[in-house]
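One structure is given here, and the rest of the page talks about it.
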Amino acid sequence: MQLGVMLNSMKRLLDTLRPNIDAQMKAWVACLPGEGGHGRVVFGERLNEVTVELRAKYKSFLQAIVEKLADNVLSIPSPYWVLVTV
Numbered sequence: 001m002q003l004g005v006m007l008n009s010m011k012r013l014l015d016t017l018r019p020n021i022d023a024q025m026k027a028w029v030a031c032l033p034g035e036g037g038h039g040r041v042v043f044g045e046r047l048n049e050v051t052v053e054l055r056a057k058y059k060s061f062l063q064a065i066v067e068k069l070a071d072n073v074l075s076i077p078s079p080y081w082v083l084v085t086v
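In our numbering, the protein residues as written are 1 to 86.
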């Protein structure tokens, strides 16, 4: 149950909330002082790094879950496994 909540939260953050966060942060960054917008560039790069990291973690969590489920299925005694695969 808790694993599902975590994965759903990560997925929602990446798919639904990320564009809203991005829009709000861009509005705030527009208020940063400075010539040439260096702070804006750094902010955009950092936000992209965080997004890439979250997506990578999400994919690795899903892969680990699939592998664990496959191991659990294969650990079932043979007669039951044959019935499941047929």
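For every residue, glycine included, the Cβ atom is placed at its ideal position computed from N, Cα and C. Everything numeric in this text was worked out from a predicted model, so none of it was measured.
Run through DSSP, which three-state label would I65 get? Taking the sequence shown and counting its residues from 1, the one referred to as residue 65 is at position 65. I65 falls in the helix class under three-state DSSP.
Looking at C-beta atoms only, is the number of pairs between the segment 1-17 and the segment 48-60 that lie closer than 8 Å three or more? By the C-beta criterion, the segment 1-17 is judged to be in contact with the segment 48-60, since at least 3 inter-stretch pairs fall below 8 Å.
Can you give me the C-alpha to C-alpha distance between G4 and L62, rounded to a whole angstrom? The residue labelled residue 4 in the question sits at position 4 within the sequence shown. The residue labelled residue 62 in the question sits at position 62 within the sequence shown. Whole-angstrom Cα-Cα distance: 10 Å.
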